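J.: Last residue of the sequence shown: 1067 (my numbering), numbering continuous.
All residues carry an ideal CB built from backbone N, CA and C; glycine is no exception.
Just so you know, these numbers come straight off a predicted model, no measurement behind them.
Structure in structure tokens, see below.
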Amino acid sequence: HSQWQDDFHESFEETPLLVAILTYLGYALLVVIGQIRDLMRAYGIEKDKSCTEPKLEGFVPLFLSWESFYTRNLYRRVRDCWNRPVASCAGVRLDVMERTSPDFGWNFQLTGKKLDVMNFGSYNYLGFAESSGPCANAVHDVVQKYGVGVCASRQEMGYMDIHKELDELVAEYLGVEAAMTVPMGFATNSLNMPALVSKGSLILSDELNHASLILGSRLTGAVIRTFKHNVVVGLVVIAVAERVVVVVVVAVGVVVAIAVVVKIVVYNSSVRGGNSSSNGSGRTSSKVILVVVAVAVVVVEVVVAVPLVVLLVLVVVVVEMSAVVWAKQTENRATLDIPSRGSGRFCAIQISGLKMVWIMEGSIVRLPEVVRLKQKYKAYIYLDEAHSVGAMGPHGRGVVDYFGLDPKSIDIMMGTFTKSFGSAGGYIGGSKRLINHLKVHAHSFIYSTAMSPPVAQQVISSMRIIMGKDGTQEGLLTMFPWEICA
């Protein structure tokens, strides 16, 4: 058993060039064939089995035929691999309803048989999504006590004692001052971010972010900058570029302001001198003086101001790019002298708008390096642990626990209950001031119906098992059996 004390290394198998070329060629061939078949359908040579919008006179079409091109010509060919109807609890094993298609994926017919299969297609990492066991029994008791639905917002009549218990347990589990829960995981990102970030802010966004973070960022109205996936150096370069732009704008503005002030002063002095002159040569001399001074100011701007601006920019670049050198030197040292323990594949992070959700790649964010960048540039970290919480770290508390970091170094902690906990919804954790602000301004909290009591109880039961508060060692046995064996 490794204690995860070695340097943090990640490696991913690169796609061979031949495989990539053949894949793109195959995709291009499917697109060409799809175009030909659409043309045949348009002329009635082939029967169109897709859903089409009737042509109504005076009405604008709701959608274009090209919008469903992929679904109609490519996805249909492999549709039998998706949307499989399930006839049992979607746990470790499940029953899939067998079906056939007489027309190559346009329509399906159930045969009446069920297939007993193993489930490798869900986020049930810890196996809590079952129809029996301590979690299911506790949920059954809660249904008998509270019912199924709440039918009200938590700001009205939907706030129950079970919600208070869940919020307090989540805060304790994360090691933060306070937490609030939201009935929908997607909305936890998309509808909370506009309450935290607004116009005038800068969002640094990973190129492979989740749709909820992308939507939430767009709703804020802030400036969004993307960088290469999981490359901390890219964050530094963007931050340096933003600072250089600010310095250039400020320097140019100062130079222009000084030039304008000098011109105004000289002009006023020349006018007063011309008006006080008793002969007719006063106005001419004032114009000559004004022209000469104006030319001198332009010369000063070119000779002095421009090199000054360039010098300021160079100083900023040299100072800031030292961070780039530091980042490159620590590229392969994710531990950064911080003891780290844990195992897992998924994580997500957001810094003052920096967002990374790497569900498909399975890569882990270099959180210690990002925390140092946050301290250097005075940014805010928004950590999305939808896939890592419960499944990573020696205590199952996510990527923060995995690297052994202090939860207080993360400004905003976000996660969902739909993966490791076998339930639904999400949470935001942080300071009491942050949570109180969100409860007043976040649409996900104000306008949503409160979380269903049995859904909340599923989270409470599974979280207590992970924390070892259920009086057993099932949580350690499930995640870290070597701890018991030791």
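Between the region 784 to 799 and the region 764 to 776, can you find at least three pairs of beta-carbon atoms closer than 8 Å?
T.: Output reads yes: the region 784 to 799 touches the region 764 to 776.
J.: Relative to the C-alpha of alanine 756, which residue among Val1021, Gly1010, Phe709 is closest?
T.: It is glycine, not alanine, that sits at residue 756 in the sequence shown. Ranking the options by Cα distance to glycine 756, first place goes to Gly1010.
J.: If I measure Cβ to Cβ from methionine 765 and keep anything under 8 Å in the same chain, skipping five residues before and after, which residues do I get?
T.: Cβ neighbours of methionine 765 beyond the five flanking positions: Ala1005, Gly1006, Gly1007, Ser1025, Ser1029.
J.: Considering only their Cβ atoms, is the gap separating glycine 739 from alanine 967 smaller than 9 Å?
T.: No, they are not a contact pair.
J.: Threshold first: 3 residues or longer. Then list the beta strand (DSSP E) segments lying entirely within the region 630 to 714, N to C.
T.: Counting only runs of 3 or more, we get 674 to 681, 690 to 699.
J.: From Thr604, Gly1003, Ala803, pick the residue whose C-alpha is nearest to that of alanine 671; which is it?
T.: Looking at the Cα atoms, Gly1003 is the closest of the given residues.
J.: Taking alanine 760 as the reference, give the member of Thr1053, Asp992, Glu1055, Pro1034 with the closest Cα.
T.: Nearest option by C-alpha distance: Asp992.
J.: Can you tell which of Glu627, Val677, Asp661, Cys662 has the C-alpha that lies nearest to the C-alpha of alanine 668?
T.: For alanine 668, the nearest C-alpha among the options comes from Val677.
J.: Less than 8 Å between the CB atoms is what I'm expecting for phenylalanine 709 and serine 1043, so what's the real figure, rounded?
T.: Contact flag correct, Cβ pair sits at about 4 Å.
J.: With a cut-off of 8 Å, do at least 3 Cβ pairs link the region 641 to 651 to the region 675 to 693?
T.: The region 641 to 651, when compared against the region 675 to 693, does not touch it at the 8 Å Cβ threshold.
J.: Between the region 723 to 731 and the region 1034 to 1041, do at least 3 Cβ pairs fall closer than 8 Å?
T.: Judged by Cβ distances under 8 Å, the region 723 to 731 makes contact with the region 1034 to 1041, as three or more pairs qualify.
J.: Note down, in chain order, each residue of its chain lying with its Cβ closer than 7 Å to the Cβ of serine 1001, except the 5 sequence neighbours on either side.
T.: Here the set comprises Tyr706, Leu707, Val970, Gly971, Ala972.
J.: When you compare each of Asp787, Gln736, Pro597 to valine 763 by their alpha carbons, which one comes out closest?
T.: Ranking Asp787, Gln736, Pro597 by Cα distance to valine 763 puts Gln736 first.
J.: Can you grab the Cα-Cα spacing for the pair arginine 658 / phenylalanine 685, in whole Å?
T.: Going from the Cα of arginine 658 to the Cα of phenylalanine 685 covers about 7 Å.
J.: Leaving out the 5 sequence neighbours to the left and right, which residues in its chain are closer than 7 Å to glutamate 746 when beta-carbon positions are compared?
T.: Only Ile1041 meet the Cβ criterion.
J.: Straight-line CA distance for serine 703 to glycine 639?
T.: Cα-Cα distance, rounded: 46 Å.
J.: According to DSSP, simplified to helix, strand and coil, what is threonine 999?
T.: Here threonine 999 sits in coil by DSSP.
J.: In the DSSP assignment, the beta strand (DSSP E) including arginine 806 goes from what residue to what residue?
T.: That run of the beta strand (DSSP E) goes 804 to 808.
J.: When you compare each of Ala803, Ile743, Ser990 to leucine 964 by their alpha carbons, which one comes out closest?
T.: Per the Cα distances, Ser990.
J.: With a threshold of 8 Å (Cβ to nearest heavy atom), would leucine 800 be considered close to the ligand NAP?
T.: This structure lacks the ligand NAP, and indeed carries no ligand of any kind.
J.: How long is the line joining the alpha carbons of serine 779 and asparagine 1017, rounded to whole angstroms?
T.: Taking the straight line joining both Cα atoms gives about 18 Å.
J.: I think alanine 803 touches alanine 1023, with their Cβ atoms under 8 Å apart; what is that distance to the nearest whole Å?
T.: Alanine 803 to alanine 1023, Cβ: 16 Å. No contact.
J.: Does DSSP classify serine 575 as helix, strand or coil?
T.: Any answer about residue 575 is impossible in this case: the structure gives the chain only from 582 up to 1067.
J.: For serine 793, does the three-state DSSP call read helix, strand or coil?
T.: The answer is helix: DSSP assigns serine 793 an H, G or I state.
J.: Following the continuous alpha helix (DSSP H) through alanine 752, name the residue where it begins and the one where it ends.
T.: Per DSSP, alanine 752 belongs to the alpha helix (DSSP H) from 742 to 755.
J.: Quick one: residues in its chain with C-beta nearer than 6 Å to the C-beta of cysteine 928, no 5 flanking neighbours on either side, listed in chain order?
T.: At cysteine 928, the pLDDT of 31 sits below 50, so the modelled position is not reliable; the number obtained from the coordinates is stated separately. Only Ile945, Val946, Ser969, Val980 meet the Cβ criterion.
J.: For valine 763, list the residues DSSP reports as bridge partners.
T.: BP columns for valine 763 point to Gly1007.
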